[in-house]
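These protein sequence lines are chains A and B, in that order.
So in the working numbering, the last spot in the first sequence is 312, and the numbers never skip.
So in the working numbering, the last spot in the second sequence is 217, and the numbers never skip.
Even glycine gets a Cβ: it sits at the ideal position worked out from N, Cα and C.
Owing to the predicted nature of the structure, the values given are computational and were not obtained by experimental measurement.
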Amino acid sequence: MAKRHTDPLGLHSALEDWMLPVLVAAMSFLAALAVAGALASTVLAAQWQNDTAAALTIQVPQPDAPDTANNATRLAAVQAALQTMPGVTSPRLLSVDALNHLLAPWLGADAAALGLPLPAVITATWSGPGPGDAIAAALNKLAPGTLAQTGVQWAARVTALTGSLQTCAAAVLVIVALVGGALVALATRAGLAQRRETIEIIHGLGAQDGDIASRFASRATVLAVAGAAAGALLALPVLLWLAALAAPFSGLPQLGGLQHGLAGLPPALWTALPCLPLAAAVIGWSSAQLTVRGWLRKLV
Amino acid sequence: MIRFDDVWLKYRHQDRGPGALARDVLRGVDFKIPDGGFRWLTGPSGAGKTTLLKLIYLAEHPTQGRIDIMGTHAAKISRRDAALLRRRIGVVYQDFRLLAHLSAYDNVALPMRLARRAEHQVHADVTEILRWVGLANRLGALPDELSGGEQQRVAIARAVVGRPKLLVADEPTGNLDDEQAGRLMTLITALNRLGTTVIVATHNHALVSAYPAPRLEMAEGRLTAHG
């Protein structure tokens, strides 16, 4: 008994086995980088926003001079006031050594020895609303010239930067999807041109447009999924390397190469990467269907 | 019933821009063939026989006039219904039109598989019809491995395997010897007796004489004799 032929359109040779998957793999590789970039920027931005917005830095000039009420030094008065201020927690006076360390790039290793009038610096955590102007006003009554800065303004800039990065990533994904769809359409049109006579014969024997389109779409989908899976897999080592590079900014413990990369990848990426072949399947299927059905309209 | 009502057809000139029409290939063709009828289609080369057959098996649209195929107005049929109607029409093409990458068996099985017949039914019918046309030992051969006559018999087997309601054949005996032509005509007349409407275009006057039936005779795109 003759074996059943499952490819009457001869698509295994009409749709080249290597060209489409290779090109889709390249698209998938770019998509993986774009998705990873968007997710990583979101995670880092969230972390930075929390840290930056909550940071409160207070500078008290002439810390050892008496405060306005002549009850204590200006520094002591400010420290006492911070203990009772709503929204302010964990105030900590930077030591002279810490201050020297911060100023070392500009003033050398021992800034105190220069005899400059350095302010006392207090760091704290700010959980109140707004930029902290009320804190500065209250502290200035005790020690005029005291500066208080929160990271709210910086946090807003980080948010804007993150938003722009995510928009860029979304634009890259849209472009990759469109180019992927166009690649499938081009490969399908080439296959249609190569199999024109066969399609006309099958059409004449009573094949529905959907029958023919589905055969092309199935083949295009298999090739697109294979390419997208390969592209996503190829992107993984690159992503791990980038995650290892970004680890110092993400606050992760120093684990070393691969462990660093694995820990540094955003968890959502492990869901997003397997979605790339699924997205390729949808794009491949729909692009091939539309192309073939449009082409078949030319036949009577 | 097949009915042609004042049917005209002009082919478009591909090289003279959209809408540019060539000379008339068919000019005011009128005829009716009742269900279960048999007609020879005769005439010199270039008379329009193949074009007329193409209109019958829905491979062309007329430029003007009305065509009804098995009670269906061809111009008003949906693409889906046109495909279903084509499954009821068996066609033997002059150039065979076999799929080069499929075996004789798979070529003949194709219309049944497109109609989603059960595979055991496909196997029974395909092996039977290929045995009938004398190709029982050539099931797995590719068209390139078959002679012209064998290819023609595969094409005939593919046209009749689905027991069509309408059989259209364009020079079906052109590559067959007398014995094979006789077997083919026995098959076609048997189908006709079972109710299949048959139209056979041929130049073979001996064949027409041997199997008397009404004739559609064409010349220069016109039907010059009917009956």
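Next on the checklist: At the 8 Å Cβ level, is A:Gln220 part of the contact set with chain B, yes or no?
Outcome noted: yes
Checklist entry - Is there contact between the stretch 120 to 133 of chain A and the stretch 62 to 78 of chain A, where contact requires at least three CB pairs shorter than 8 Å? => result yes
Next on the checklist: Quick check on this structure: which residue in A:Asn82, A:Ala84, A:Trp307, A:Trp253 has the alpha carbon closest to the alpha carbon of A:Leu45?
Outcome noted: A:Trp253
Item to check | Straight-line Cα distance separating A:Ala291 from A:Pro117 | outcome: 51 Å
Next on the checklist: Quick check on the burial criterion: 16 or more other C-beta atoms within 10 angstroms. Buried or exposed for B:Asp134?
Outcome noted: exposed
Checklist entry - By Cβ distance below 6 Å, which residues in the same chain neighbour B:Ala147 in space, the five residues on each side in sequence not counted? => result Val98, Ile119, Leu120, Val123
Next on the checklist: For a cutoff of 8 Å on Cβ pairs, would you count A:Ile211 as touching chain C?
Outcome noted: The structure shown contains no chain C; its protein chains are A and B.
Item to check | Between the CA atoms of A:Gln178 and A:Arg169 - distance to the nearest angstrom | outcome: 14 Å
Checklist entry - Is any heavy atom of the ligand HEM found at a distance shorter than 7 Å from the C-beta of A:His113? => result No copy of the ligand HEM appears in this structure; indeed no ligand is present at all.
Checklist entry - Using a Cβ-Cβ distance under 8 Å, would B:His51 count as near chain A? => result yes
Next on the checklist: For a cutoff of 8 Å on Cβ pairs, would you count A:Ala14 as touching chain B?
Outcome noted: Its pLDDT being 48, under 50, A:Ala14 is placed unreliably by the model, and the measurement read from it follows with that caveat. Yes, A:Ala14 counts as interfacial toward chain B.
Checklist entry - Does DSSP put B:Ile46 in a helix, a strand or coil? => result helix
Item to check | Other residues of its chain near A:Trp60: CB distance less than 6 Å, five sequence neighbours each side excluded | outcome: Val170
Item to check | Distance CB(A:Leu246)-CB(A:Leu277) smaller than 8 Å | outcome: no
Item to check | Through-space distance from A:His215 to A:Ser299, alpha-carbon basis | outcome: 21 Å
Checklist entry - Taking all protein chains shown into account, do 16 or more other C-beta atoms lie within 10 angstroms of the C-beta of B:Val112, making it buried, or fewer, making it exposed? => result buried
Checklist entry - Among the residues of its own chain, which have a CB less than 6 Å from the CB of A:His307, if the five just before and after it don't count? => result Per the sequence shown, the amino acid found at residue 307 of chain A is Trp instead of His. Correct list, in chain order: Leu204.
Next on the checklist: Going by DSSP in three states, B:Thr1 sits in which element: helix, strand or coil?
Outcome noted: Before going on, a small fix: residue 1 of chain B reads as Tyr here, not Thr. Looking at B:Tyr1 - three-state DSSP - the assignment turns out to be strand.
Checklist entry - Quick one: what does DSSP say B:Asp115 is sitting in, helix, strand or coil? => result helix
Item to check | Contact under 8 Å by Cβ, B:Ile(-8) with B:Ile46 | outcome: yes
Item to check | First and last residue of the uninterrupted beta strand (DSSP E) at A:Pro103 | outcome: 100 to 105
Next on the checklist: Do B:Leu75 and B:Leu42 have their beta-carbon atoms positioned less than 8 Å apart in this structure?
Outcome noted: no
Checklist entry - Hey, how far is the Cα of B:Leu92 from the Cα of A:Trp30? => result 24 Å
Checklist entry - In the DSSP assignment, what residue or residues form a beta bridge with B:Asp14? => result B:Lys0
Next on the checklist: On the criterion of 16 or more Cβ atoms from any shown chain inside 10 Å, does A:Ser40 qualify as buried, or is it exposed?
Outcome noted: buried
Item to check | 8 Å Cβ cut-off: residues of chain A touching B:Ala105 | outcome: Gly218
Item to check | Under 8 Å by beta carbon: chain A residues contacting B:Tyr47 | outcome: Gly216
Checklist entry - Under 9 Å Cβ-Cβ, which residues of chain B neighbour A:Val304? => result Per Cβ cutoff of 9 Å: no residues; A:Val304 is ~13 Å from chain B at best.
Item to check | Complete alpha helix (DSSP H) runs within the stretch 124 to 183 of chain B (minimum length 4 residues, chain order) | outcome: 138 to 150, 168 to 183
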